[in-house]
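Here's the structure, in structure tokens; my notes come after.
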Amino acid sequence: MKQDLFQVATIIFSGIIFLVVYPFEVNAETDVNTEKGPRAGVFPSKESGIHVHGDLVISDSVNRRGALREKRSTPRHYFAMLPYGMVWHHGAPADIRDLPPDIHMHGRFLLPMEGEEKTIPLTDKLIKDHENHRYNHAILLEDDVSFYSRQGRSWKVLGFEQGGGPAPRLKLSVEPVGPEIEGGINKAALFDIDDSTRIWQKRQLVSRQAIRPGQLVQVNLTWGPFDSLAATDVWLDEDSLGASREIQRNRHLKLIRSRFLPGWIDAVKNYDSGGGEVTVTFFGGMDSSLYSDIRKSQKVKICNAENTLRTWNYHQEHASHATIIEKKDIKNPPLGSSDLQVKLKVVRMVDGFRPGRIVRVKGPWTYVLLPWDEHINSEEAYERSKKMILP
Amino acid sequence: MIIDRKEFSFSIHESSWILFIITILTIGFSPSKVLGFEGLDKTSQNFLKSYCIRCHNESKQKGNFRLDTLEVDFTNPIIAQKWDEVVFRINAGEMPPEDEKQPSATEIGNLADNLVEKIRDGAAARMAKRGKIQQYRLSRKEYAHTVYDLLGVVFDVEAPGAFNEDPRWHGFERIGSLLSTAPSHIDRYLRAADRVIELASLDNEPTSRKDRKYPDEEGKRYYAQLGEGWDAVSLKSPGHYRIKIRLSGLPAFTGRIPRVSLWHHQYKRSVVGMDISTTEDQPETILFEGLFNAGSYKILNNAQTKKHANGGVIRFRQGIIDAGQKLASLKGGFRSDKTKIVDEQGVPVVPTLLMDWVEVEGPITTEATRKKRFGILPNNEEDIEEISECLQRFAERALRRPVMDSEIERYIEFINHEKEAGVDFRSAYKSALSGILVSRNFFNIEEGSPNENRTLLNNFELASRLSYFLWSSMPDEQLFATARSGKLNDPKMLSKEIKRMIADPKIDRFLDSFPRQWLQLHRVGMFQPDPNLYPEYGPWLEESMILETTKYFSEMFHKNLSIREFIDSDWTMLNSKLATHYGLKKPNNSGFTRVKLKPESGRGGLLTHASILSLTSDGTRHRPVHRGAWLSEVILGHIPPPPPPNVDPLEPVKTNQPKTTIRSQLEAHTTDANCASCHSKIDPLGLAFENFDAIGRWRLRERIEAGTGENPLVDASGTLPDGKVFDGPEQFKKLLAGNDKKLAEAFIENLSGYALRRLMTVDDKPYIKKILETSASKDYQLKSILQSVAESELFRRR
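Order-wise, the sequence lines are chains X and D.
All the letters of the first sequence, read from the start, carry residue numbers 1 to 391 under the working numbering.
All the letters of the second sequence, read from the start, carry residue numbers 392 to 1189 under the working numbering.
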């Protein structure tokens, strides 16, 4: 009897402990409530969102928006990148502007961020028929080679097959090597392959004859007739994939150095004589040398930006000089965040420097004048940028 | 009689001895040679004989210098120069040479003190040497007050290109011997005179208007952050104006209150201002009334806007909103590069002004002004008698004395000459008036007569001296009348006039001018504090610091407090800006208020005013030696001798060295005999205030920018030259205030110098002593001292 009572008490006690402790095990910086969109200033949890895939049929590189089309007859799934949303191409950090049209992409899409509910226009009919279109803010967008190689997957060549039917095409037969992954192809597949497919081996373009059964390859895909997937690129070895990766990495470095490293403001301390201090967490998913450059700096510049990461006017002139007074490493940063947070003493406390608002910080990089349309130059341009204009 | 040669013959040996003895006796009993410096005190004589004369005499002139013949006529410039060289060499340790017997630090100090005093007395005596007539040029401020009191004309003497800046002697800008007249002065006087007469002529009296201006239109408000403002006021002519502004002054989220001022665009300075603290919904109407120059003015949210060290500029905002619109509605709504207006709670981030309208009335010509200008222009251009009368009346007021007919005839001749040349009467007549204003008798105060060497001033000279002492301007009608009656020299009448003049509002000119000059307040902000080290320093803080001191002086005067309270008191005059600077509770109203101080505030008396503490700083740090030198000169009346040349400056602490205070770097002043001789008397006076930083804030630790370790604790202890020990400013002030007689003597000397426009000499000492005795009987009260000086025999002497 006593033992039974003891066991019941233990169970009840454990339950109480569980209910008390469990909430505190959650990372305080993430939002576990996946039914609502993420809040400004809070990174979402890893479990948030749904997997979406399709061909990139619309891209607006200035506002970081686009549309994926899963099949020939499915409606376009319009999306906007979250401010901390990451794009990967050829296994390296990238931007929408780096992605060729029609490339097949995998995305992790969330509900719209707080305040951004109207950015992507939705109709009631669309939602009724395709409820997943409500998830239209991407935290991650990857091409196939990035998607699969990130998760330890590659393809083993089985051989070539000649397809039949009304449009007979040569196909590359492959089977997956590595773990099963959500949203991916987890069984043997046939990819269209023809003379437009680029075959890469040892940093060179080679012919289809270089493909042999048994090889482990990576591929990028696009739409094919009858909703097949056609290979745009096949990498036969790490050398060739490494070369593509390196080119993309440098392209992205050039982009961020000229547009400045994005992040958001965690906290603000105003001075009553002008200026003040802002604490900034940088977004993740970018080349590590960018964060190293900031870590090594003392004097930087900071300007405010919108959720599209577009800055106001010429951001150099509208930036505030700043001094880094504190650097903090974030352990186990949530998805979307980097591992770097800094506190800056700013000369000019610009109106956009408020908690949750986006900023871009210039490290020790050469300033360049950007094309005028990348900036928001007027109230009218700002109003226009708030909502995606559908073609 | 035959003398037996044997009795009187000596051997050669005996003869040598006799010759030797005679020589010794001759040398021993011959009168001592008179040395030139035997006019000095015994201590100095002994010093020179002990350490100097051996190598600088008739038979040996090392360095081609003879000291034995150097006399003590310090009024002779060549002799004074040589004695100055003697002091310098001994002070610098060059003399005596190292291989000679060395004097002690005390001996050096005593000699230096004695000789410097003699040299200074000689300089003063030279400066005071005067012939039968003495002329003291008016300072430019006195000129401005004079033309205003004479004709009601506002003439800005500080406008660019108007008048030369007056040279100062240790802060005083009225010392006659320094205020020489150069051709450039005459040129400026000519232009000024024409302008003044033009403005004073009644036919040119500008029409007074009252105009109200709104931002854009009624129903709008103009908001302005720091350093921004509304260009809303434009005055076509100088004069008396009433400028009303309806506005709200919103404190920053920290409680910091904005200051509104009228900023003159051309002169690039604020002319008037005040703190303003109201809510958004309850604006206040403020009034600035007074004399304004022509030009355009901005209603400015006055604060220093900073340039960042690496070139970035803080940009603040201004703009127009609807009257009913809350400032909080501007939160985040404007994507711009400028400073945010409100924080997350909708409260202004920086002090902000919200202006509704401004109303300008003027130029106002008062009856008093019209009266001043009455009768300067004759009604009948042909009536020579009337013309002469008008000129006579004007000239007597302008020249401040009776004018002879022959003097007026010259101007009549001039007018006729102009008319013959085709100039109309009115222009010719105005030129004559201008001529009077360019007369040396106008822009100079003249004392003495060509035909006699008077020691006393006559009635008119006394009237001028009195009015320029108390009012920085010409006598008024009543004072003129008393002078004309010949009774001003009568002590009772003089005393009555002095009391009347002290009660007149124009005494405010003295209450502003004298403390600024005596305390050398022109040095405040001379080395602008580094904005990176002192970001809170700005023009309004600087102005507030100066106003605290002048208003403190004024309060002491009106309450007739003892001058001991210059040193130690339990009150001061504060506005909200200064209260914040001192870390004290802000007064409830705008403007300055007398505030009682708690003992733990560390404040009380002039010596803890931020103005006094900061005027000796160099922009980056305080300078205790300069503080000590200032105190010695201004409060104790003893100007320390200048340092020898080529003294190495203090090196900043290196980054790899432990942090150390400035005081510890001055150790050489106590250990090196050459330094200690003077610095033992100077340094303690400054080190007593080590608890105050370069801009007068209280501290316990001295902030050292470079170096390792913690900022070191300050040490405000010391020993006065008389051996008394103190630990901190409070104890120091008590010691100083305890010697009120010495304080009073120094103060009376300074006040007398201001009044008489020259330095005091040894010849003035007996009269100073009498003033001191009179003041002592009244506990050295400030107003009483002023009265005693004005009533003294010294004041009535040339």
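Ideal Cβ placement from N, Cα and C applies to all residues, glycine included.
Scan the stretch 653-682 of chain D and note each continuous alpha helix (DSSP H) run of 4 residues or more that stays entirely inside, going in chain order. none
Please name the residues in the stretch 726-745 of chain D whose beta-carbon is closer than 8 Å to at least one beta-carbon of chain X, in chain order. R726, S727, D728, K729, T730, K731, I732, D734, E735, V740, V741, P742
Return yes when the Cβ of D:Y534 is within less than 9 Å of the Cβ of D:F834, no when it is not. Cβ atoms of D:F834 and D:Y534: closer than 9 Å.
Given 8 Å as the limit, is there contact between the stretch 157-175 of chain X and the stretch 118-138 of chain X, that is, 3 or more CB pairs closer than that? Between the stretch 157-175 of chain X and the stretch 118-138 of chain X there are fewer than three C-beta pairs closer than 8 Å, too few to call the two in contact.
Go ahead and pull the three-state DSSP assignment for D:R1090. In the displayed model, D:R1090 falls within coil according to three-state DSSP, outside both helix and strand.
Give every residue of the same chain whose Cβ lies closer than 6 Å to the Cβ of D:A1191, excluding the five residues on either side of it in the sequence, and list them in chain order. This structure cannot speak to residue 1191 of chain D, because chain D is shown only from 392 to 1189.
Could you check whether the Cβ of D:T670 sits closer than 9 Å to any Cβ belonging to chain X? no
Along chain X, which residues have their Cβ under 7 Å away from the Cβ of D:P926? S273
Measuring straight from C-alpha to C-alpha, what distance separates D:P1075 and D:Q1056? Note on geometry: alpha-carbon atoms of D:P1075 and D:Q1056 lie some 14 Å from one another.
Hey, does X:E383 have any beta-carbon neighbour from chain D nearer than 9 Å? no
Note down, in chain order, every chain X residue with its Cβ under 8 Å from the Cβ of D:T645. Contact of D:T645 with chain X by beta-carbon distance below 8 Å involves D272.
When the Cα atoms are used, what is the spatial distance from X:C303 to X:V361? 7 Å
Judging by CA-CA distance, which residue of X:D233, X:A189, X:P176 is the nearest neighbour of X:V206? X:D233
With a threshold of 9 Å between beta-carbons, can D:K617 be considered close to chain X, or not? Here residue 617 of chain D turns out to be Leu, not Lys, going by the sequence shown. Yes, contact with chain X.
So, for X:D239: in the same chain, excluding its five sequence neighbours on each side, which residues have a beta-carbon less than 7 Å away from its beta-carbon? K202, R203
If you draw a straight line from the C-alpha of X:H89 to the C-alpha of X:K269, how long is it? If you take the alpha carbons of X:H89 and X:K269, they lie about 39 Å apart.
Can the beta-carbon of D:F683 be found closer than 9 Å to that of D:G630? yes
I'd like the list of long-range same chain contacts for D:P1112, defined as Cβ closer than 8 Å, with 5 residues on each side in sequence excluded. S1071, K1072, P1075
Interface positions of the stretch 72-96 of chain X facing chain D (Cβ-Cβ less than 9 Å), listed along the chain: none
Residues of chain D with CB closer than 8 Å to the CB of X:R169, please, in chain order. Here the premise fails: no neighbours, minimum Cβ distance about 52 Å.
Does DSSP classify D:T757 as helix, strand or coil? coil
Closest residue to X:G263 among X:A231, X:I324, X:P83 (Cα-Cα distance): X:P83
Closer than 9 Å between beta carbons: that is the criterion. Which residues of the stretch 1077-1096 of chain D meet it against chain X? none
Which residues in chain X sit within 8 Å of D:R706, going by Cβ to Cβ distance? R348
Does the Cβ of D:Q911 have 16 or more other Cβ atoms within 10 Å, making it buried, or fewer, making it exposed? buried
Unbroken beta strand (DSSP E) runs of length 3 or more, entirely within the stretch 1069-1151 of chain D: which are they? 1108-1110, 1116-1118
For D:E750, which residues does DSSP report across the bridge? According to DSSP, D:E750 bridges with D:R603, D:K635.
Is the shortest distance between the beta-carbon of X:K386 and the beta-carbons of chain D less than 9 Å? no
In this structure, how does DSSP classify X:S378 when only helix, strand and coil are distinguished? coil
When we look at the beta-carbon of D:K386 and count the other beta-carbons within 10 Å, is it buried (16 or more) or exposed? The structure shown does not extend to residue 386 of chain D, since chain D is modelled only from 392 to 1189, so the question has no answer here.
Under a three-way DSSP split, which group does X:V346 fall into? Residue state for X:V346 is assigned as strand, using DSSP reduced to three classes.
Establish whether the CB of D:A1135 and some CB of chain X are separated by less than 9 Å. Not flagged as an interface residue toward chain X: D:A1135, since no C-beta distance is shorter than 9 Å.
Go ahead and pull the three-state DSSP assignment for D:E776. helix
Comparing alpha-carbon positions, which option in D:P920, D:R914, D:F905, D:N980 lies nearest D:Y943? When C-alpha distances from D:Y943 are compared across D:P920, D:R914, D:F905, D:N980, the shortest belongs to D:F905.
Provide the residue span of the alpha helix (DSSP H) that contains D:S830, from first to last. Under the DSSP assignment, D:S830 falls outside any alpha helix (DSSP H); it carries neither an H nor an E label.
Could you check the C-alpha separation between D:P649 and D:S639 for me, to the nearest Å? 10 Å
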